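Presented below is the structure to which this report refers.
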Amino acid sequence: MQIIQSLLNGILLGGLYAMVALGMSLVFGIMKLTNIAHGDLIIVATYICMVMAVQFSGNLLLAVLITICFMMLIGFLLQTFLINKVLDKGPEPPLLVTFGISITLSNILLLVFGADARYIPNTLKTINIVNTEHFSISAIYLLNFIVAIVVICTLHYIMKNTFFGRSIRATADDVTTAELMGVNTKRIYSYTMCLAMVISSIAGLLVGMNYTYYPSTGTEYLIYAFGVVVIGGMGNQMGILLGGIILGIAQLMGAYFFGTGYQLLAGYLVLLIILTIRPQGILSKATRR
Amino acid sequence: MIQLLASKPFKILNIKIIVLILIISIFLTLPLWSSEYIISVFVLIFLYMSLGQMWNLLAGYTGLVSLGQQIFIGLGGYSLAVITVLYQLPIALGIIVGGVISILFALIISQPIFKMRGDYFTIGTWIVAECLAVFFSVWTYVRGGLGFNIIAAYKLSTTDIYYMAVAMGLGSIALVYFLLRTKIGLALMAMRDNESAAETLGVELYKTKLKVFLIAAFVTGLTGGLLYLSIAYIQPRASFSITWTVAMVFIVIIGGIGTIEGPILGAFFFILIKQYLYNYPGISMIILGTVAILTILIAPKGIVGTLQERYGFEILSIRRR
Amino acid sequence: MATVLDVQDIGISFGNNHVLKSLSLELKESEVLGVIGPNGAGKTVMLNILTGIMRPTKGQILFQGENITNLSTTERCRKGIGRTFQVPRPFEKMTVFENILVGSVYGDRKSEKEARVKALEIMELIGLTEKKGWFAGKLGLLDRKRLEIGRALASNPKVLLFDEVAGGLTESEVSDILGMVRMVKEQGISVIWIEHVLKTMREGTDRVLCIAEGRNVICGIPEEVMRSKEVHDVYLGADEE
Ligand SMILES: Nc1ncnc2c1ncn2[C@@H]1O[C@H](COP(=O)(O)OP(=O)(O)OP(=O)(O)O)[C@@H](O)[C@H]1O
Ligand SMILES: [Mg+2]
């Protein structure tokens, strides 16, 4: 019954991928920006988390709270002083600026932490919550999934029911009108990035608890995030969870049928196929033709 | 007065040609009077110049911002390795096969990848490159993650490689220059200004972009082969690494996107910084990343574009008169 | 006279916005057909459908008897359909000469050598010879409109579609455009000309078609159409002339 186990793990892993993608989806939805530095920002959060966990003798909750503060600051500064300045300069500059940020961040990590693989020590990884003869559920995978659902619901609530969320959505719908009504859209963008960083910090913690990582791991998570956003659709938080699950299942089925070496490849190929079938991505409204 | 007016452009043309001949002869005779180290630095400059020209042709002239050009570096390098190591065939064949395979692969992926627009194209190309990196790591035919020592390359002197690099670098400049002066160049300029207007005047957007994509794949593939001649060791993670495209992006952004002179200057700049900080590879990437970001913010047209705007000169003009 | 363009019962919707419901028209050889209609009537959308930029959800388009409904924009250009845009879209970073060259090289599939000769002729026709080397981005509105007409002419069309070529111009500039449309007509090219200024329509067209609410309301001799009750109703309350 290995296949049931793989399916189950794929679904639960989907929670992690949804978390990884959520911040990117938010940023894409609000400011139509494909943030190439997204994966690296998550890994930066992972490293900060790791350092903080050591500082606070393994208290991960405290570690992630402090990480969130750091990441909000980083996100705010990057958005305000770099990205906001190029957002209205056509399609290439924002893309290339975030690409530059991505490269700079991953090399700063390399410089500070070296190229070795790291992980955030935790006991959840070795515990199985459910253990039957057909399948088992590991605590960490379950945690991924639960956190994803909690965060997604919270985000959904914020966007629908708070003034902050409403002004974000107003900006996303129509920049000109929002500006006419006195909304400072650039400021909103900075706050959006902060919100995305809160989510990405949590994602960073989960990534570090689940897998080993290097300074260059950001690319991998950028691709996952991008793929999930494409599959799941913009501004649709439940869609993001679905996208994560599809990616998770694709990967573990690839591993099941072709061996673990093909896990990554299977995920990438599924993304490429979806990108091809939905050339504009599921998230963008159809333009001409 | 009339005489003066008539002779002025002629004189400028003359000076241009003289300077050009001078520069080319300096580069051609370089191995005769300079050190091994300088020669090897210029090998890199010329090869990266070619990479920059091709990325510029894509991003600057065709609007195809690809972050997957490392695909063709890897394919070029691996073709060289497989041909010379597994089959013991000549190096020249390895390089050419690299170019041909690159073109074929580009043709195959163009089907799905061209369905993606804008940002999707950008990340789509990158995903393809990552796929290849993973696939080559598990593909036993190319020895998986072990890679190859390209022994045949040891037989070549730096000078041999230098002349190939010069041919590649100058060839890529000439190629872009003449390409832009053909019909395709006219279409590219029109598309860059307004795609829908170009289309209603009979320009075939898809075909034109595809042609450019294939040309860039071919030249990047050849250059990849030459790069691996000088590196002499190939391994999937490094050969399909985004670092190659990072270099191309920096060269083009810093030099000046959408100009022929930009990548020439950019390549010098890039390699000099890289060599200067050779022992601190991390730092050089950080510096280059920061410089590139600042360039986009402060002088989005790069060094050459900004100078052109201010002084209105063009060394390699593609204007039709 | 033979029919060049035969538009049969086309329709298009954007979501719930049924912009064109059922539109038909016939364009004869060497005819200038004026098209009027209130803002948002779908005039520009109609041109986009004729040039293949948008696809109709129903109906078909015959060009010289051939069904071109499924051809691409490029293919239609090569068959001989040229257009201008409501807001001119010259290639701003190219010179006037290069702009026209694009039409001639790609639309008319001439070699660059032949195309140059043709482009010089056309610049003479549209009166831009002196500004040959100017970047199109530097041109004023009238010159932009001239350039767009010239560029379209260079693609050697049989039908030209003008989207408010006289809009936003002064009276003397409008007469300049009027002259140009006559010149086009004399070359045996049929024209569909969208315009709001009814006076210009009266002077420059052979027939006028009025569209509103996604359908053709009335079509005929300019004088008659403009005096008709239908057109009056359509424009009543609208702030048009
Ligand atoms: N790409 C599009 N997507 C959605 N709706 C569109 C699109 N293009 C046009 N429309 C809608 O179609 C309707 C007709 O637009 P169109 O531009 O054809 O009007 P028009 O008759 O040219 O008016 P005007 O005189 O102002 O130029 C408008 O309601 C417009 O909102
Ligand atoms: Mg209109």
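Chains as they are written, first to last, in the working numbering: chain A, 84 to 372; chain B, 151 to 471; chain C, 1028 to 1268. Think of the CB as a built atom: it goes at the ideal place given N, C-alpha and C, for glycine as much as any other residue. These numbers were taken from a predicted model, which means no experiment stands behind them.
- Residue 206 of chain B does not reach chain C, its nearest Cβ partner there being about 16 Å away, counting only Cβ pairs nearer than 8 Å.
- Here residue 1209 of chain C is exposed: its Cβ has fewer than 16 other Cβ atoms, across all protein chains shown, within 10 Å.
- Between the stretch 1102-1113 of chain C and the stretch 1149-1166 of chain C, the count of C-beta pairs closer than 8 Å stays below three; the two stretches do not touch.
- Straight across, the Cα-Cα distance linking residue 1227 of chain C with residue 1204 of chain C is about 10 Å.
- The beta carbon of residue 288 of chain A lies closer than 8 Å to those of 128, 129, 132, 143, 146, 147, 150 and 203 in the same chain, with the five residues before and after it left out.
- The alpha-carbon separation between residue 1239 of chain C and residue 1045 of chain C amounts to approximately 12 Å.
- Counting only residues of its own chain and dropping the five nearest sequence neighbours on each side, residue 1040 of chain C has a CB closer than 7 Å to the CB of 1046 and 1084.
- Contiguous alpha helix (DSSP H) elements confined to the stretch 85-115 of chain A occur at 85-114, taking only those with 4 or more residues.
- Scanning chain B for C-beta atoms nearer than 8 Å to the C-beta of residue 1182 of chain C yields 351 and 352, reported in chain order.
- Runs of the alpha helix (DSSP H) lying entirely within the stretch 358-429 of chain B, each at least 4 residues long, are 386-389, 392-405 and 411-426 in chain order.
- Residue 1216 of chain C carries a coil assignment under DSSP once its states are collapsed to helix, strand and coil.
- Taking all protein chains in view, the Cβ of residue 301 of chain B is surrounded by fewer than 16 other Cβ atoms within 10 Å, so the residue is classified as exposed.
- For a cut-off of 8 Å, the C-beta gap from residue 1122 of chain C to residue 1159 of chain C is around 7 Å, short enough to register as a contact.
- With contacts defined as CB atoms closer than 8 Å, residue 379 of chain B and residue 421 of chain B fail to qualify as a contacting pair.
- Between residue 168 of chain A and chain B, the shortest Cβ-Cβ separation is below 8 Å.
- For residue 1128 of chain C, the nearest CB of chain B lies under 8 Å from its own CB, placing it at the interface with that chain.
- Per DSSP, the unbroken alpha helix (DSSP H) holding residue 1250 of chain C starts and ends at 1249-1254.
- The residue from C/1099, C/1243, C/1127 and C/1103 with its alpha-carbon nearest to that of residue 356 of chain B is C/1099.
- According to the DSSP assignment, residue 1239 of chain C belongs to the beta strand (DSSP E) that extends over 1234-1239.
- Among the CB atoms of chain B, one or more fall inside 8 Å of the CB of residue 1121 of chain C.
- Unbroken beta strand (DSSP E) runs of no fewer than 3 residues, entirely contained in the stretch 327-360 of chain B, are not found.
- Counting along the chain, the unbroken beta strand (DSSP E) around residue 1110 of chain C starts and ends at 1108-1110.
- For residue 1051 of chain C, the enclosing beta strand (DSSP E) has its first and last residue at 1044-1055.
- Relative to residue 278 of chain A, the option among A/86, A/100, A/106 and A/94 whose CA is nearest is A/106.
- The bridge partners DSSP lists for residue 320 of chain A come to none.
- Relative to ligand 1, the beta carbon of residue 409 of chain B is positioned no closer than 7 Å to any heavy atom.
- By the CB criterion at 8 Å, residue 98 of chain A and residue 230 of chain A fall inside the cutoff.
- With fewer than 16 neighbouring CB atoms inside 10 Å of its own CB, residue 249 of chain A falls in the exposed class.
- CA-to-CA, the gap between residue 1037 of chain C and residue 370 of chain B works out to about 48 Å.
- Straight-line spacing of the CA atoms in residue 89 of chain A and residue 289 of chain B works out to 24 Å.
- Residue 299 of chain B carries a strand assignment under DSSP once its states are collapsed to helix, strand and coil.
- Within the model, the alpha-carbon separation for residue 300 of chain A versus residue 242 of chain A is close to 30 Å.
- Taking C-beta separations shorter than 8 Å and ignoring five residues to either side along the sequence, the partners of residue 91 of chain A in its chain run 218 and 220, following chain order.
- Taking 8 Å as the cut-off, the beta carbon of residue 154 of chain A is found no closer than this to the beta carbon of residue 273 of chain A.
- Secondary structure of residue 1035 of chain C (DSSP, three-state): strand.
- In terms of side-chain proximity, the C-beta atom of residue 1046 of chain C is found nearer than 7 Å to a non-hydrogen atom of ligand 1.
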